[in-house]
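The opening residue of the sequence shown carries number 467 in our numbering; numbering runs sequentially from there.
The beta carbon of each residue, even a glycine, is placed where N, CA and C say it ideally should be.
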Amino acid sequence: MVVLFSLTLNAQEKKPTLMILPSDAWCEARYFTTTYTDIDGTKVSVPDYQKAFKEDSELGMTISKIGQLLTSKGYSLKDAEQNIKNISTRTSEDNMTFSKTSASTFAESPLDMIKKRAKMDILIQLWWKVNLDAGGRSVSFTLEAFDSYTNKRIATATGTGKPSQESVPVLLENAVKSKIKDFDKQMTTYYKGLHKQGREVLLTIKRWDSWENDLETEYDGEELLDCIQAWLRKHTLNGNFNLTDATENFAQFEQVMIPLYDRDSEAVDARSFAVELRKYLRDEYDIVSKVMTRGLGEAIIVLGEK
467 MVVLFSLTLN
477 AQEKKPTLMI
487 LPSDAWCEAR
497 YFTTTYTDID
507 GTKVSVPDYQ
517 KAFKEDSELG
527 MTISKIGQLL
537 TSKGYSLKDA
547 EQNIKNISTR
557 TSEDNMTFSK
567 TSASTFAESP
577 LDMIKKRAKM
587 DILIQLWWKV
597 NLDAGGRSVS
607 FTLEAFDSYT
617 NKRIATATGT
627 GKPSQESVPV
637 LLENAVKSKI
647 KDFDKQMTTY
657 YKGLHKQGRE
667 VLLTIKRWDS
677 WENDLETEYD
687 GEELLDCIQA
697 WLRKHTLNGN
707 FNLTDATENF
717 AQFEQVMIPL
727 YDRDSEAVDA
737 RSFAVELRKY
747 LRDEYDIVSK
757 VMTRGLGEAI
767 IVLGEK
């Protein structure tokens, strides 16, 4: 019993996976930016991380130094530079999806591509500036942690290190050291809350216009929307979700609280959660559907065909 309790406790204390990237402001100041076209056709300027790692010789070492501070606190760190090497910055989602009937399309930002492929829990953005002082150089910095699923800011640290003749990566490491304990505490508090309350995702149900049924069609005496809500009550953490809008053609569920991990201790994201619902609709009601995503925290199920 003691061993089982210990294993359970360790599982509960499992720390999140992180990735460290330069902040938007840092990239913009150094002209490491690119543009992509969002789902509304609007051109948006975003950081070009691939260019930043390639052209800034200090960036990789600087992120490595901060990463060492966080891994010493028990976090698992994803290698940003290695992951980005495998992702070409695109102006639209690389797996653009078209329906044969409605010609619906889907797109995501380059940062969403990184989040989805690297599958980190927390994204840390780092900004720094070098100051010239009488005793040498000093570094001012801001470290911000964001939930990769909701984009909520969950921890912040800022400060200026002591001047010295050290290299910029070492200066930044020394400056961050004095703030890392409180930064870790903020992230730990947030993540413990997720274990209790669940991870928040967004789920949308739509239908292709070729499908003869809709969300008001009855199955076993219940409208399909009611059947979906019954499934969500059983599979969300503590049955927590909000139906914020619905018609016969679509339903919008916000604050859908899903568990952090499944029975195999694998991380659960919006897509894996939506896939389980898709399988349920297929097996229980013979409804064919397609799952699409925006990043890690938003999934769309389109009913009627693949």
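query	result
Three-state secondary structure (DSSP) at G625?	strand
State the CB to CB distance for the pair A717 and L698, rounded to an integer number of angstroms; the pair is presumed to be in contact (CB under 8 Å).	Between L698 and A717 the Cβ distance is about 10 Å, and since that is not below 8 Å, they are no contact.
Between E559 and V642, what straight-line distance do the alpha-carbon atoms span, to the nearest angstrom?	Residue placement at E559 is flagged as unreliable, the pLDDT there being 45, under the threshold of 50; the coordinate-derived value follows with that caveat. When rounded, the distance between both Cα atoms is 36 Å.
Which same chain residues end up closer than 6 Å to K618 when comparing Cβ atoms and leaving out the 5 residues on each side of it in sequence?	none
How far does the beta strand (DSSP E) with G602 in it extend, from its first residue to its last?	G602 to D613
Within 10 Å of its beta-carbon, does R673 have 16 or more other beta-carbons around it, so buried, or fewer, so exposed?	buried
On the premise that D650 lies in contact with S614, defined as a C-beta separation below 8 Å, what is that separation, rounded to the nearest angstrom?	The pair is not a contact, with the Cβ atoms about 18 Å apart (cut-off 8 Å).
If you measure between the beta carbons of L669 and I753, is that distance less than 9 Å?	no
By DSSP, does E678 sit in helix, in strand, or in coil?	coil
Are L681 and T713 close, meaning C-beta to C-beta below 9 Å?	yes
Between which two residues does the alpha helix (DSSP H) harbouring N597 extend?	N597 -> not in any alpha helix (DSSP H); beta strand (DSSP E) instead, spanning I588 to D599.
Tell me the rounded alpha-carbon separation between P725 and W593.	32 Å
Excluding the 5 residues preceding and the 5 following D545 in the sequence, name in chain order all residues of the same chain whose CB lies nearer than 7 Å to its CB.	none
What does the Cβ neighbour count give for A736, buried or exposed, with the cut at 16 atoms within 10 Å?	buried
For K547, I'd like the list of residues in its chain whose CB is within less than 6 Å of its CB, leaving aside the five on either flank, ordered along the chain.	It is worth fixing the name first, because residue 547 is Glu in this sequence and not Lys. Once the five neighbours on either side are set aside, the close Cβ partners of E547 are F519 and G526.
Can you tell me whether L484 is buried or exposed? The criterion is at least 16 other CB atoms within 10 Å of its CB, across all chains shown.	buried
Between the beta-carbon of L535 and the beta-carbon of P513, is there less than 9 Å?	no
Since K585 and A733 are thought to touch, with beta carbons under 8 Å apart, how far apart are those beta carbons, to the nearest angstrom?	7 Å
So who's on the other strand from R619, going by DSSP bridges?	F612
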